[in-house]
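Novice:
Number of protein chains: 2
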Amino acid sequence: MPFYLRPRLFLWIGGVVVTSIAVYIFCQPSGIVLRQNIWADLTEAEAIEVLKYVHSASPELNLTAAINASLWDNFVHGIEVVHPNKEDALNFMAGISEHPPPRYARIAIHHGTSQEVYWDEYLLGPLPVSNETKIKPVEYHHRADLEHARNLVPDAASFKEWPYSIAQEVSDITQDLLQATINADGESNPDGLELTFRDPWVKDGHILRWCSFQRAGTRFGAGTLLPQGLYVKLDTTGRDPAKWKVLNWFYNGMLYNSTDEFRDAWRSPGFRKAPINRDGDWTRIEEPTSDVSSRDHPAPLMVHPGGARYQLYREAQYVSWMGFTFYWSFAQSTGVTLFDVRFRGERILYELGLQEAMSLYAGNDPIQGALAYLDSFFGMGRAMFELVPGYDCPIYADFMDTFIYDAERTQQRKRTICLFEYTADYPLQRHSTTFYVTISRNHYLVLRTTAVVGNYDYTVDYIFYLDGTIEFKVRASGYIQGAYFMPGESQEFGFRVHDQFATSMHDHIINFKVDLDIINSRNTLVKINIEPKTKSYSWSEGEPLSTMSLTRESISNETGFNWPANSETMYIVVNNETQNQWGENRGYRIMPGSGIGTPGHLVAKSPQSLGKSASWAFNDLWVTKQKDDEARSSSPRNAFNKDKPVVDFAQYVDGDNITQEDL
Amino acid sequence: MPFYLRPRLFLWIGGVVVTSIAVYIFCQPSGIVLRQNIWADLTEAEAIEVLKYVHSASPELNLTAAINASLWDNFVHGIEVVHPNKEDALNFMAGISEHPPPRYARIAIHHGTSQEVYWDEYLLGPLPVSNETKIKPVEYHHRADLEHARNLVPDAASFKEWPYSIAQEVSDITQDLLQATINADGESNPDGLELTFRDPWVKDGHILRWCSFQRAGTRFGAGTLLPQGLYVKLDTTGRDPAKWKVLNWFYNGMLYNSTDEFRDAWRSPGFRKAPINRDGDWTRIEEPTSDVSSRDHPAPLMVHPGGARYQLYREAQYVSWMGFTFYWSFAQSTGVTLFDVRFRGERILYELGLQEAMSLYAGNDPIQGALAYLDSFFGMGRAMFELVPGYDCPIYADFMDTFIYDAERTQQRKRTICLFEYTADYPLQRHSTTFYVTISRNHYLVLRTTAVVGNYDYTVDYIFYLDGTIEFKVRASGYIQGAYFMPGESQEFGFRVHDQFATSMHDHIINFKVDLDIINSRNTLVKINIEPKTKSYSWSEGEPLSTMSLTRESISNETGFNWPANSETMYIVVNNETQNQWGENRGYRIMPGSGIGTPGHLVAKSPQSLGKSASWAFNDLWVTKQKDDEARSSSPRNAFNKDKPVVDFAQYVDGDNITQEDL
């Protein structure tokens with residue numbers, strides 16, 4: 002059952018007495034039937050084999066080896082594994098099929114030989130390469146109207162060089178207004194200027210971009226705190242920088258239609274300068290005071306001298322802990338996904354994984370006012386860097402590496418995943434009687450990664466609790482991306498937090514896919530509403546009493562929901578065809594997690610800067626029928642194709658009946 | 002500023018850059034000016050002095066020493082401290098007044114000499130007793146229409162004995178239907194029957210009660226899991242059991258109008274028996290399996306070998322940790338309250354404390370269908386029992402005792418409060434740059450108590466975080482109170498979880514008072530709304546863009562609020578008269594805490610079983626003007642006076658202007 006959800010959700014066994022939650026069972030690994038991890042990313046050997054095959058077997062792609070390729074060539078942009086079809090996977094996991102499902106790779110090709118640059122994706126397999134191995138274009142039935150995933154920044158080098166040359170042309174102006182010039186030609190002055198960009202977009206056949214001047218702020222990685230209030234709009238249509246144009250300048254509330262117009266205004270008497278947003282100690286992370294050394298005052302510390310109580314199978318990417326078992330897989334675009342999550346041997350989840358991290362800003366300037374990020378473009382897996390033992394994860398945690406296949410190179414990223422057990426500061430259960438008290442310590446298991454996407458460090462946790470709860474949680478830290486402060490304007494979108502710097506309100510909406518399988522893949526989503534009610538009872542002697550009751554409602558068609566006001570609805574995925582001994586359906590509840598309040602959906606209504614690229618952000622929770630060709634709710638290639646996204650999630654929600662189906 | 006709030010709220014500094022949250026400062030106690038704790042409960046010496054005074058100086062009360070008193074006498078029911086008026090307290094804390102505010106005691110007197118039994122409260126002071134000491138009735142301006150707080154169960158002994166004698170009269174029936182008889186005359190058969198009661202209520206001058214038969218279940222404290230589906234309604238008006246009456250019996254969906262009618266029906270052919278809800282292993286807390294000893298597999302454990310990093314002044318009930326300082330006080334009805342909470346020397350909160358814990362049940366039988374608890378009646382402080390080191394709190398925590406003054410006896414309760422620092426499993430802050438990464442460990446301070454009220458163990462935490470956040474959190478554990486299972490009926494109100502036992506849906510609504518003082522006591526509540534918006538900008542060349550913005554709205558009159566849908570409103574308490582260097586008001590945000598989702602308010606609309614006793618439960622958040630005679634939102638004596646409560650919170654919300662007032 003794929004559910005597409007906001008972060009910090011919480012899965013919870015429905016209808017369980019508190020007492021049955023007090024679990025102190027140490028599940029022995031004897032029940033584990035460890036099978037090959039059929040969802041694991043390509044091995045380095047497989048990746049090499051795929052590359053060899055595509056170069057030799059596909060002359061029509063006209064590929065150049067990535068190491069020799071220019072952006073005017075076709076070359077392999079990236080490769081990743083294709084997860085098997087669900088039915089094949091289940092048959093293998095159940096032992097019905099002896100052989101694992103065939104493995105396939107998905108290859109993204111940069112098509113650079115023509116004026117329009119684009120990516121295409123191809124399926125290649127089965128692996129290992131044999132006579133049966135073939136390559137063919139990926140077919141999405143939803144993208145019949147879409148020929149390619151266009152690349153609006155095909156040439157990162159000239160797409161940086163040219164705007165920097167524009168900035169150089171106005172060095173006299175920036176020196177006067179900002180007391181700094183652009184860090185062109187590889188300069189790295191921390192107080193020099195850099196340009197940052199909103200994603201380019203297409204209008205009437207033109208590729209348009211707004212750029213912002215900010216101070217480099219490289220001492221403390223503080224660039225996003227240092228916008229300078231100067232913006233330039235460019236037309237970078239086509240591949241010849243000689244034909245690119247400056248369209249507008251924007252400074253201190255005034256829009257100028259050319260560089261000349263801007264320069265003339267600047268030279269005019271009465272030109273109004275705005276104050277400069279300067280770097281300084283305020284962008285430094287506060288350090289400990291030296292009054293008391295931390296050595297004299299060590300903080301409380303979690304220790305685990307007995308060693309791990311989970312079984313970790315590094316090769317298989319498989320974990321067993323206190324009755325839970327699961328496989329994990331890694332992908333560059335989305336990071337870690339869990340597969341075949343079981344509790345006490347029974348599958349609960351077929352798949353649980355991050356799909357996309359979107360953020361949408363609001364503000365009064367051309368950047369903050371229409372900025373939208375789709376972070377799988379940068380790669381929520383690709384952005385996973387080394388975790389720091391003792392800080393990101395306890396010192397006793399297990400750390401795992403990941404592999405990135407970038408064009409045709411392999412990078413090993415050390416310690417990007419950690420796994421550890423922790424003990425909460427409060428008990429799982431407590432029950433006092435006249436004669437005794439029972440208290441259960443509250444241990445839980447965490448699988449953690451951190452993706453560093455620009456100014457944000459996103460920490461993604463998958464957490465397992467002894468009561469059967471599975472939670473996923475995303476935490477964002479780092480430096481905010483804010484706005485150059487404009488009196489009377491910035492307050493509409495945030496708070497002033499420094500001399501010339503204001504916060505920019507923004508929504509982070511993060512999408513997870515949850516494919517629950519309760520008993521089997523035939524499940525139903527039930528809404529249980531808690532409703533106020535007036536009711537007379539025989540024992541109330543006819544007096545109508547004000548009370549409340551439950552109503553149950555099966556959801557029959559694919560749709561989206563929001564978290565209800567006052568928590569007056571519960572969403573439970575049940576299997577209608579099996580009851581426990583008391584006639585209740587088995588099910589899992591889906592609920593907001595233990596974050597701060599209820600995670601929200603997008604406030605802005607259909608913002609242009611998102612287009613059709615992230616329609617899942619308009620509701621908190623969606624339910625759709627499981628389809629192998631609707632495996633992901635987003636694509637890393639949506640960011641440059643917001644009007645015609647490679648994956649348009651709205652097309653998944655097309656009215657399929659979802660009663661006792663694989664949801 | 003008193004805010005009356007639902008649990009798990011979260012106070013948060015508004016408008017702060019993430020960087021300023023990374024605090025690793027060890028605040029030295031040098032800045033602490035420790036003054037007398039003017040909010041502390043009475044000492045034992047004060048309590049003795051008060052009792053001596055009231056017995057000698059108040060012959061008109063006609064008091065009997067509690068040890069000699071019968072329920073037909075007047076005697077001292079309880080005594081507690083009266084907190085000083087806020088202005089006096091602030092003057093003393095600021096050093097404006099050299100002497101602490103005079104101390105007063107509040108005495109509750111049981112008036113038992115007449116047919117109507119009631120409590121009255123008296124103020125006695127100043128203390129220590131001197132020529133100036135006087136005693137006078139407590140005056141609430143809101144209770145002009147209320148003469149006394151009536152006591153509907155003045156004689157607990159006969160109010161138990163008589164219904165048990167009724168149950169003995171039907172032993173033949175219970176033996177047949179339930180295979181058990183009542184545990185009368187001190188019997189303690191764990192499979193015998195006991196009676197439990199809904200709170201009595203008054204109708205047309207009669208005191209009415211519904212009682213439920215349940216199995217004792219004393220092996221595992223499981224009585225609330227063992228309702229037997231047999232109920233009796235009693236009229237216990239007056240003080241003479243000979244005049245009390247059985248009004249109804251209710252069994253298997255049928256209502257009978259007398260014991261004879263019930264007995265006749267039982268003897269009739271075709272009388273339909275319902276199955277028995279038996280005790281058994283299912284009510285036992287699961288124990289660890291013996292396969293793997295916990296000794297071989299110790300869990301992760303928090304240790305603090307360096308010793309506490311806070312300063313704890315046990316006598317003064319004062320704590321200093323990482324820039325936070327606060328006093329605490331204890332009261333039998335409400336447990337622990339914090340006073341004068343400061344961060345870096347500046348007061349944030351004048352008062353923060355639990356007021357009332359209410360629960361309201363729904364079901365199809367006469368008990369579950371109209372059951373309402375107001376737990377300050379039992380005493381959220383009085384119900385605080387010993388915490389278990391290593392389970393309730395870390396083994397290295399500090400434990401403090403409390404004193405209960407019960408009638409005229411003093412009980413010392415050991416280890417009822419614990420204090421400890423803990424380290425979260427995730428960092429407080431993380432920021433990666435090209436050159437370095439900063440990560441701050443996330444330490445926090447917890448002050449914890451657990452109140453055992455019947456089947457529920459309520460754990461109340463006050464939590465302090467390094468970013469300035471203060472959170473309070475209530476966790477409920479224990480055994481549920483459920484319903485005897487009736488096919489086709491119980492499902493309307495819950496789930497079947499055993500052979501003859503179903504869950505009963507119920508709302509727990511817990512009320513806290515938050516008196517924020519930002520800079521000083523003149524504060525304003527601001528609603529900041531996040532609103533979708535369409536806006537054209539000069540740089541968008543006239544194109545209207547879909548975006549969002551902030552609107553600020555000061556709340557001018559006392560009122561109640563709910564948490565907004567999609568978190569689209571922020572509630573911030575600011576001081577309008579002081580700005581920081583960037584012109585922003587200083588303020589604290591009030592938000593739902595890190596519990597599960599957003600805490601809710603009451604679903605049922607004005608249920609009869611609550612009357613006017615807990616109108617704060619109808620909204621999530623209330624703001625009122627601070628008044629010394631509106632110190633608490635509830636009273637332990639509301640439970641028997643729901644129609645005419647001693648404290649009717651609705652009367653506090655009477656339209657006072659609240660702009661830049663002491664809220």
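Heads up: the sequence lines are chains X and D, in that order.
The numbering of the first sequence is this note's numbering, which starts it at 2 and goes up by one.
The numbering of the second sequence is this note's numbering, which starts it at 2 and goes up by one.
Note that beta-carbon positions come from the ideal geometry of N, C-alpha and C, so glycine has one too.
1) Would you tell me roughly how many angstroms separate the C-alpha atoms of residue 282 of chain X and residue 499 of chain X, rounded to the nearest one?
2) Check the Cβ-Cβ distances between residue 434 of chain X and every residue of chain D, and say whether any is below 7 Å.
3) Since I believe residue 644 of chain D is in contact with residue 203 of chain D (beta carbons under 8 Å), could you give me their beta-carbon distance rounded to a whole number of angstroms?
4) Any chance you could list the beta strand (DSSP E) runs of at least 3 consecutive residues sitting entirely within the segment 514 to 554 of chain X, in chain order?
5) Any contact between the segment 623 to 640 of chain X and the segment 374 to 386 of chain X? By contact I mean 3 or more CB pairs, one from each, below 8 Å.
6) Mind pulling the chain X residues with CB within less than 9 Å of residue 102 of chain D?
7) I'd like to know if the segment 256 to 264 of chain X and the segment 452 to 467 of chain X are in contact, where contact means that at least 3 CB-CB pairs between them fall below 8 Å.
8) Take the Cβ of residue 73 of chain X as the centre, count every other Cβ of all protein chains shown within 10 Å, and call the residue buried at 16 or more, exposed below.
9) Can you look up residue 581 of chain D in the DSSP assignment and give me helix, strand or coil?
10) Which residues, in chain order, does the segment 463 to 493 of chain D contribute to contact with chain X at a C-beta distance below 7 Å?
11) For residue 617 of chain D, which three-state DSSP category applies?
12) Measure from the C-beta of residue 305 of chain X to each C-beta in chain D and report whether the shortest distance is under 7 Å.
13) Give a yes or no on whether 7 Å exceeds the smallest Cβ distance from residue 124 of chain D to chain X.
14) I'd like to know whether the C-beta of residue 439 of chain D is nearer than 7 Å to at least one C-beta of chain X.
15) Pick from D:409, D:126, D:240: whose alpha carbon is nearest that of residue 68 of chain D?
16) Could you compute how far the alpha carbon of residue 551 of chain X sits from the alpha carbon of residue 230 of chain D?
17) For residue 126 of chain X, which beta-bridge partners are listed by DSSP?
18) By the three-class DSSP mapping on this structure, what secondary structure does residue 289 of chain D have?
19) If you draw a straight line from the C-alpha of residue 289 of chain D to the C-alpha of residue 426 of chain X, how long is it?
20) For a cutoff of 7 Å on Cβ pairs, would you count residue 606 of chain X as touching chain D?
21) Whole angstroms are fine: how far does the CA of residue 360 of chain D sit from the CA of residue 264 of chain D?
22) Would you list, in chain order, the members of the segment 520 to 548 of chain D that have their beta-carbon closer than 7 Å to a beta-carbon of chain X?
23) For the segment 408 to 435 of chain D, enumerate the residues whose C-beta is nearer than 9 Å to any C-beta of chain X, in chain order.
24) Can you tell me the Cβ-Cβ gap for residue 189 of chain X and residue 219 of chain X, rounded? I've got them flagged as a contact below 8 Å.
25) The beta strand (DSSP E) with residue 173 of chain X in it runs from where to where?
26) Which residues does DSSP pair with residue 474 of chain D in a beta bridge?
27) Pull out every residue of the segment 308 to 319 of chain D whose Cβ sits closer than 8 Å to any Cβ of chain X, in chain order.
28) Are the beta-carbon atoms of residue 501 of chain D and residue 278 of chain D separated by less than 7 Å?
29) Ignore the nearest five residues each way along the sequence and tell me which others in residue 486 of chain D's own chain have a CB closer than 6 Å to its CB.
30) Which stretch, first to last residue, makes up the beta strand (DSSP E) that contains residue 433 of chain D?
31) Go ahead and pull the three-state DSSP assignment for residue 570 of chain X.
32) Run through the DSSP bridge pairs and tell me what residue 160 of chain X is partnered with.
33) Count the other CB atoms within 10 Å of the CB of residue 474 of chain X; is the residue buried (16 or more) or exposed (fewer)?
34) Quick test of your reading: residue 49 of chain D and residue 77 of chain D, contact by CB under 8 Å. State the CB separation rounded to the nearest angstrom.
35) Could you tell me whether the Cβ of residue 256 of chain D comes closer than 7 Å to any Cβ of chain X?
36) Considering only C-alpha positions, which residue in the set X:481, X:442, X:448 is nearest to residue 431 of chain D?
Specialist: Put simply:
1) Taking the first residue of the first sequence as position 1, residue 282 of chain X is located at position 281. Taking the first residue of the first sequence as position 1, residue 499 of chain X is located at position 498. Cα-Cα distance, rounded: 12 Å.
2) Translated into the one-based positions of the first sequence, residue 434 of chain X becomes position 433. It does; some Cβ of chain D falls within 7 Å.
3) Taking the first residue of the second sequence as 1, we reach residue 203 of chain D at position 202. Taking the first residue of the second sequence as 1, we reach residue 644 of chain D at position 643. Going by Cβ atoms, the distance from residue 203 of chain D to residue 644 of chain D rounds to 7 Å, so yes, they are a contact pair.
4) 525 to 537
5) yes
6) Position 101 of the second sequence, counting from 1, holds the residue named residue 102 of chain D. None at all; the shortest Cβ gap to chain X is about 35 Å.
7) no
8) Within the first sequence, residue 73 of chain X is the residue found at index 72, counting from 1. With fewer than 16 other Cβ atoms within 10 Å, it is exposed.
9) Counting from 1 along the second sequence, the entry for residue 581 of chain D is found at position 580. Residue 581 of chain D falls in the coil class under three-state DSSP.
10) 476, 478, 479, 480, 481, 493
11) By one-based count along the second sequence, residue 617 of chain D stands at place 616. Reduced to three states, the DSSP call for residue 617 of chain D is helix.
12) If you number the first sequence from 1, residue 305 of chain X lands on position 304. For residue 305 of chain X, the answer is yes, since a Cβ of chain D falls inside 7 Å of its Cβ.
13) To locate residue 124 of chain D, count along the second sequence from 1; it is residue 123. Not an interface residue.
14) In the second sequence, counting from the first residue as 1, residue 439 of chain D sits at position 438. Yes, residue 439 of chain D lies at the interface with chain X (some Cβ there is under 7 Å from its Cβ).
15) The residue labelled residue 68 of chain D in the question sits at position 67 within the second sequence. Here the closest residue by C-alpha is D:409.
16) The sequence position of residue 551 of chain X within the first sequence is 550, counting from 1. The sequence position of residue 230 of chain D within the second sequence is 229, counting from 1. Each residue's alpha carbon lies about 21 Å from the other.
17) One-based indexing of the first sequence puts residue 126 of chain X at position 125. DSSP lists X:135 as partners of residue 126 of chain X.
18) Along the second sequence, read from residue 1 onward, the residue named residue 289 of chain D stands at position 288. Note that residue 289 of chain D scores 49 on pLDDT, short of 50, meaning its location in the model is unreliable and no value can be drawn from it.
19) The residue given as residue 289 of chain D occupies position 288 in the second sequence. The residue given as residue 426 of chain X occupies position 425 in the first sequence. Interpretation of residue 289 of chain D is limited by its pLDDT of 49, a score under 50 that renders its predicted location unreliable; the figure taken from the coordinates is listed afterwards. C-alpha separation (whole angstroms): 21 Å.
20) Along the first sequence, one-based indexing puts residue 606 of chain X at 605. True, the Cβ-Cβ gap to chain D drops below 7 Å.
21) As a position in the second sequence, residue 264 of chain D is number 263, starting the count at 1. As a position in the second sequence, residue 360 of chain D is number 359, starting the count at 1. The straight-line gap from Cα to Cα measures roughly 35 Å.
22) 531, 533, 538, 539, 540, 546, 547, 548
23) 421, 422, 423, 424, 425, 426, 427, 428, 429, 430, 431, 432, 433, 434, 435
24) Translated into the one-based positions of the first sequence, residue 189 of chain X becomes position 188. Translated into the one-based positions of the first sequence, residue 219 of chain X becomes position 218. Residue 189 of chain X to residue 219 of chain X, Cβ: 7 Å. Contact.
25) Against the first sequence, residue 173 of chain X aligns to sequence position 172. Residue 173 of chain X -> not in any beta strand (DSSP E); alpha helix (DSSP H) instead, spanning 172 to 179.
26) Numbered from its first residue, the second sequence carries residue 474 of chain D at position 473. DSSP, once it has assigned bridges, lists D:462 as partnering residue 474 of chain D.
27) 310
28) For the purposes of this step, residue 501 of chain D is taken as residue 500 along the second sequence, with counting starting at 1. For the purposes of this step, residue 278 of chain D is taken as residue 277 along the second sequence, with counting starting at 1. Yes, Cβ-Cβ distance for residue 501 of chain D and residue 278 of chain D is below 7 Å.
29) Within the second sequence, the letter at position 485 stands for residue 486 of chain D. So the qualifying residues of the chain are 497, 501, 502, 503.
30) Taking the second sequence and counting its residues from 1, one reaches residue 433 of chain D at position 432. Per DSSP, residue 433 of chain D belongs to the beta strand (DSSP E) from 430 to 433.
31) Against the first sequence, residue 570 of chain X aligns to sequence position 569. Residue 570 of chain X falls in the strand class under three-state DSSP.
32) Indexing the first sequence from 1 puts residue 160 of chain X at position 159. According to DSSP, residue 160 of chain X bridges with nothing at all.
33) Here residue 474 of chain X refers to the residue found at position 473 of the first sequence. Classification of residue 474 of chain X: buried, given that the 10 Å Cβ count is 16 or more.
34) In the second sequence, residue 49 of chain D corresponds to position 48, counting from 1. In the second sequence, residue 77 of chain D corresponds to position 76, counting from 1. So it is not a contact: roughly 12 Å between Cβ atoms.
35) As a first step, residue 256 of chain D is located in the second sequence; it is residue number 255 there, counting from the start. So yes, residue 256 of chain D belongs to the interface.
36) Position 430 of the second sequence, counted from the first residue, corresponds to residue 431 of chain D. It is X:481.
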